[in-house]
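Undergrad:
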Amino acid sequence: MTVLDDPDLAAELDTAMRIAGVTIPPERRPAVLAGYADLKGHLALLRAWSGEESPAGAFNPADERE
Amino acid sequence: MTDAMYDLSVREIGRRLRNRSLTSEALTDTLLRRIEALDGKVHAFIRVTADRALEDARRADVELGEGRDRGPLHGVPYGLKDLFDVAGLPTTCGSKLRLDHVAAEDSEVARRLRAAGAVLLGKLTTHEFAQGGPSFDLPFPPARNPWNPDHFTSGSSSGSGAAIAARMLPFAMGSDTGGSIRSPAALCGTVGLKPTYGRISARGVFPLAYSLDHCGPLGRRVEDVALAMQVIAGHDPADPTSADQPVPDFVSGLGAGVTGLRIAWPRKFISSAKGGMPEVVAHVERIAASLVQAGALIEEVELPDYAIFVACGLVILGAESFEVHQQNMRTRPQDFGALMMQRTILGATISGSDYVRATRLRRHLCKEMNRLWGRYDAMLTASVLATAPRMEDARNTPWLASQAITFNVTGWPAMTVPVGLVGGLPAGVVIAGPAFAEPMVLRVGETVERLSGWSEVALPELAAGEATGRSSPAAPDRDQPRLVLPATVQASP
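Chains as they are written, first to last, in numbering that gives the first Met the number 0: chain A, 0 to 65; chain B, 0 to 492.
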């Protein structure tokens, strides 16, 4: 089964788009769905990070220099 | 390189302007003729500002003749990626959505360059809003690689890379959110410096992702970008992302060599790049060996897996970019090009908690990576570990063999230096350093430039002639935008 045939993935995407108030032009839907599958992979990696000792806060590349 | 006017370095242009063996007007006219002859093939320019350029060049000649010297860029031609505002000119961002936009004020970079007497020759091709590409459904054709116009330039500063490689300009400005200076520099065989986040003001530059956007110069030589940095770097109180840091001397360290310097080499990180070409990796290894011979101490280091940098960077980029474009995504989705729209709309699916998590991960990665700088002065790595793909292949592999977003996540300075050819196409390495250490990056980069033998590589000679690609005009009209395809938006690639 490809991502284009995955009804759960498509439903998820449709829900997110509805909440955001965005309509995907029909001819662009397959490419957006494929991109969404890729993004889910990145998000899975992000969520797998333990989140150890890292506070949220302003980014400053000069910070934390050791 | 030859002694032709279009081959001259920024320093040599300055020397000749001051000893009166060259005028800015003659140089500007020569480059405008070159653009007219070649840009139908390269598509580096969205707009050529010929009349304005000649007027500015004549003024520079008068001022220099009267001893009113504005510094190293006085009378030197350059170009701006068409995300940078210039008062009175359109900033199209390569998009149908911005064709009617005319900037009211100069971007801070344009203001500094104008004050320094540099001569703007035009606005350069960009991927739409610095995303996507190469695209054929936009008002302007994609830039093509001067080494072989059937091949991609990379992007999104595609016109900047192409114009430098085709020797239409001595230097140009680009922007870099995930590699958009360093990658076209690598694929077009130019130098491209992404400075530290905040080193150059982003005010008046259309954003892609606020916390990842960097502005920086491209040129044919390390010294060219160092001289440009001396003018464009510095704190801008009106830009909240601008760093309040002193501006160092970017030029005086060039030529100092690498004897005694300690250079980190993430060898496994480089060789693990998906889609990396062994011949390009071999160039990085060759440069590492050359640096050792030149007196540097090089040690292999371990970096976090590149996939974690991509996850962190793309989630931040996706969320911030959607925030920029959400209104038009809701009301005018069909007016975006397909690639830009398809990537940006995905930002709508990123939750607030995912974005916050990505910013926390970013801080963690910065902390881990910054540990290196207690031991090392610089890092040898790469941005793209492949040569330029053919245009039709590039559209489906935008992140192929790229490791560039690493330094957007950390905010460190990173500079591509061309080092050789693979199959007739350029390959480059990247020199990175700690925050605000551009002088060290430039010093090591200049050494790499000398050691690589790149100055002996013959740059591409493009024959003037028929345009390449669809619907392309033979050459841009002077002072006119190059609209070629607004009538019908083509189907998604």
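Idealized CB from N, CA, C, for every residue including glycine.
Given the structure is predicted, the values throughout are model-derived calculations rather than measurements.
Spatial neighbours of Arg342/B within its chain, please: CB distance less than 7 Å, with the 5 preceding and 5 following residues excluded, ordered by chain position.
TA: Locating residue 342/B in the second sequence gives position 343, where the first residue counts as 1. For Arg342/B, where only same-chain residues beyond five positions count, the Cβ hits under 7 Å are Gln130 and Gly131.
Undergrad: Helix, strand or coil, according to DSSP, for Phe308/B in the structure here?
TA: Here residue 308/B refers to the residue found at position 309 of the second sequence. Looking at Phe308/B - three-state DSSP - the assignment turns out to be helix.
Undergrad: Assuming Ser182/B and Val383/B make a contact with CB atoms under 8 Å, what is their CB distance in whole Å?
TA: To locate residue 182/B, count along the second sequence from 1; it is residue 183. To locate residue 383/B, count along the second sequence from 1; it is residue 384. Right, their Cβ atoms sit about 5 Å apart.
Undergrad: Using CA coordinates, which residue listed in Arg51/B, Phe249/B and Ala255/B is at the minimum distance from Leu120/B?
TA: Along the second sequence, read from residue 1 onward, the residue named residue 120/B stands at position 121. The option with the nearest alpha carbon to Leu120/B is Arg51/B.
Undergrad: Using a C-beta cutoff of 8 Å, does Gln229/B count as contacting chain A?
TA: Here residue 229/B is taken as the residue at index 230 of the second sequence, counted from 1. Not an interface residue.
Undergrad: Tell me whether Asp304/B is buried or exposed, calling it buried when 16 or more other Cβ atoms sit within 10 Å of its Cβ.
TA: Against the second sequence, residue 304/B aligns to sequence position 305. When all chains shown are included, Asp304/B counts as exposed.
Undergrad: Taking C-beta pairs closer than 7 Å, name the residues in chain D that Pro6/A reaches, listed in chain order.
TA: Among the protein chains of the structure shown, namely A and B, there is no chain D.
Undergrad: Which residues bound the beta strand (DSSP E) around Gly121/B?
TA: Here the question's residue 121/B lines up with position 122 in the second sequence. That run of the beta strand (DSSP E) goes Val118 to Leu123.
Undergrad: Indicate whether at least one CB of chain B lies closer than 8 Å to the CB of Val21/A.
TA: To locate residue 21/A, count along the first sequence from 1; it is residue 22. Yes, contact with chain B.
Undergrad: With a cut-off of 8 Å, does the C-beta of Gln402/B fall near any C-beta of chain A?
TA: The residue given as residue 402/B occupies position 403 in the second sequence. No, no contact with chain A.
Undergrad: Which of the residues in the region 78 to 107 of chain B, read from start to end, lie with their CB under 7 Å from any CB of chain A?
TA: Listed by position, the residues of the region 78 to 107 of chain B near chain A (Cβ gap below 7 Å) amount to none.
Undergrad: Can you tell me which of the three DSSP states Lys193/B falls into?
TA: Within the second sequence, residue 193/B is the residue found at index 194, counting from 1. Strand.
Undergrad: Would you kindly work out how many angstroms separate the C-alpha atoms of Asp353/B and Ala434/B, rounded to a whole number?
TA: Locating residue 353/B in the second sequence gives position 354, where the first residue counts as 1. Locating residue 434/B in the second sequence gives position 435, where the first residue counts as 1. If I take the Cα positions, the gap works out to 26 Å.
Undergrad: Buried or exposed for Ser200/B, going by 16 or more other Cβ atoms inside 10 Å?
TA: Along the second sequence, read from residue 1 onward, the residue named residue 200/B stands at position 201. Buried: at least 16 other Cβ atoms inside 10 Å.
Undergrad: When you compare only the Cα positions, how much space is there between Val41/B and Leu123/B?
TA: One-based indexing of the second sequence puts residue 41/B at position 42. One-based indexing of the second sequence puts residue 123/B at position 124. Taking the straight line from one Cα to the other gives about 11 Å.
Undergrad: Which same chain residues end up closer than 6 Å to Tyr209/B when comparing Cβ atoms and leaving out the 5 residues on each side of it in sequence?
TA: Along the second sequence, one-based indexing puts residue 209/B at 210. Closer than 6 Å at the Cβ level, and outside the excluded window around Tyr209/B, lie Glu319.
Undergrad: Taking C-beta pairs closer than 8 Å, name the residues in chain B that Ala70/A reaches, listed in chain order.
TA: Residue 70/A lies beyond the range of chain A shown here (0 to 65); nothing can be said about it.
Undergrad: For Pro169/B and Tyr5/B, I'd like the C-alpha separation in whole angstroms.
TA: The residue you call residue 169/B lines up with position 170 of the second sequence. The residue you call residue 5/B lines up with position 6 of the second sequence. Rounded to whole angstroms, Pro169/B to Tyr5/B spans 8 Å at the Cα level.
Undergrad: Restricting to Cα atoms, I'd like to know which of Leu424/B, Leu461/B, Pro412/B and Phe128/B is closest to Gly444/B.
TA: In the second sequence, residue 444/B corresponds to position 445, counting from 1. Out of Leu424/B, Leu461/B, Pro412/B and Phe128/B, Pro412/B has the C-alpha closest to the C-alpha of Gly444/B.
Undergrad: Please state whether DSSP places Ile349/B in a helix, a strand or coil.
TA: For this step, residue 349/B is matched to residue 350 along the second sequence. It is coil, neither helix nor strand.
Undergrad: How about Asn407/B and Leu211/B: are their beta carbons less than 8 Å apart?
TA: Walking along the second sequence from the start, residue 407/B turns up at place 408. Walking along the second sequence from the start, residue 211/B turns up at place 212. For Asn407/B and Leu211/B, yes; Cβs fall inside 8 Å.
Undergrad: Run down chain A in chain order and give the residues with a C-beta less than 7 Å from the C-beta of Gln341/B.
TA: Here residue 341/B refers to the residue found at position 342 of the second sequence. In chain order: Arg27, Ala30, Val31 and Gly34.
Undergrad: Does the separation of the CB atoms of Arg219/B and Thr189/B fall below 8 Å?
TA: Working through the second sequence from its first residue, we reach residue 219/B at position 220. Working through the second sequence from its first residue, we reach residue 189/B at position 190. Yes. Within cutoff.
Undergrad: Closer than 7 Å by C-beta to Gly64/B: which residues in its own chain qualify, once you throw out the five before and the five after it? Chain order, please.
TA: One-based indexing of the second sequence puts residue 64/B at position 65. Result list for Gly64/B: empty, nothing under 7 Å.
Undergrad: Do we get a CB-CB distance below 8 Å when we pair Leu72/A with the residues of chain B?
TA: Outside the shown range of chain A (0 to 65) lies residue 72/A, about which nothing can therefore be said.
Undergrad: Going by DSSP, what residue range makes up the alpha helix (DSSP H) through Lys267/B?
TA: The sequence position of residue 267/B within the second sequence is 268, counting from 1. Segment Arg266 to Ser270, the alpha helix (DSSP H) holding Lys267/B.
Undergrad: What's the C-alpha gap between Met439/B and Met16/A?
TA: Walking along the second sequence from the start, residue 439/B turns up at place 440. Walking along the first sequence from the start, residue 16/A turns up at place 17. When rounded, the distance between both Cα atoms is 46 Å.
Undergrad: Runs of 4 residues minimum, wholly inside the region 128 to 198 of chain B: which ones carry the alpha helix (DSSP H) assignment?
TA: List check, alpha helix (DSSP H) in window: 157 to 164 and 181 to 187.
Undergrad: Alpha carbon to alpha carbon, what distance is there between Gly336/B and Arg469/B?
TA: For the purposes of this step, residue 469/B is taken as residue 470 along the second sequence, with counting starting at 1. For the purposes of this step, residue 336/B is taken as residue 337 along the second sequence, with counting starting at 1. Because Arg469/B carries a pLDDT of 32, less than 50, the predicted location of this residue cannot be relied on, and the following value inherits that uncertainty. Taking the straight line joining both Cα atoms gives about 16 Å.
Undergrad: Going by C-alpha distance, which of Leu424/B, Val416/B, Met340/B and Trp453/B is nearest Ala30/A?
TA: In the first sequence, the residue the question calls residue 30/A occupies position 31. Among Leu424/B, Val416/B, Met340/B and Trp453/B, the Cα nearest to that of Ala30/A is on Met340/B.
Undergrad: Let me make sure I understand the geometry here. Which of Gly78/B, Asp175/B and Asp68/B has the alpha-carbon closest to that of Thr415/B?
TA: One-based indexing of the second sequence puts residue 415/B at position 416. Checked all of Gly78/B, Asp175/B and Asp68/B; the closest Cα to Thr415/B is Asp175/B.
Undergrad: Nearest-angstrom Cα distance between Ala272/B and Asn144/B?
TA: Stepping through the second sequence from its first residue, residue 272/B is reached at position 273. Stepping through the second sequence from its first residue, residue 144/B is reached at position 145. So the alpha carbons of these two residues sit roughly 23 Å apart.
Undergrad: Tell me the rounded alpha-carbon separation between Glu299/B and Thr446/B.
TA: Along the second sequence, one-based indexing puts residue 299/B at 300. Along the second sequence, one-based indexing puts residue 446/B at 447. For Glu299/B and Thr446/B, the distance between alpha carbons rounds to 20 Å.
Undergrad: Just the C-alpha distance for Ile307/B and Arg198/B, rounded to the nearest angstrom, thanks.
TA: For this step, residue 307/B is matched to residue 308 along the second sequence. For this step, residue 198/B is matched to residue 199 along the second sequence. The alpha-carbon atoms of Ile307/B and Arg198/B are separated by roughly 25 Å.
Undergrad: Take Ala117/B and list the residues in its own chain whose beta-carbon comes closer than 7 Å to its own, dropping the five residues that flank it on each side.
TA: Counting from one through the second sequence, the residue named residue 117/B turns up at place 118. Leu72, Val75 and Tyr77, listed in sequence order.
Undergrad: Distance check for Leu79/B and Ala184/B, CA to CA, integer angstroms please.
TA: If you number the second sequence from 1, residue 184/B lands on position 185. If you number the second sequence from 1, residue 79/B lands on position 80. Approximately 15 Å, taken between the alpha carbons.
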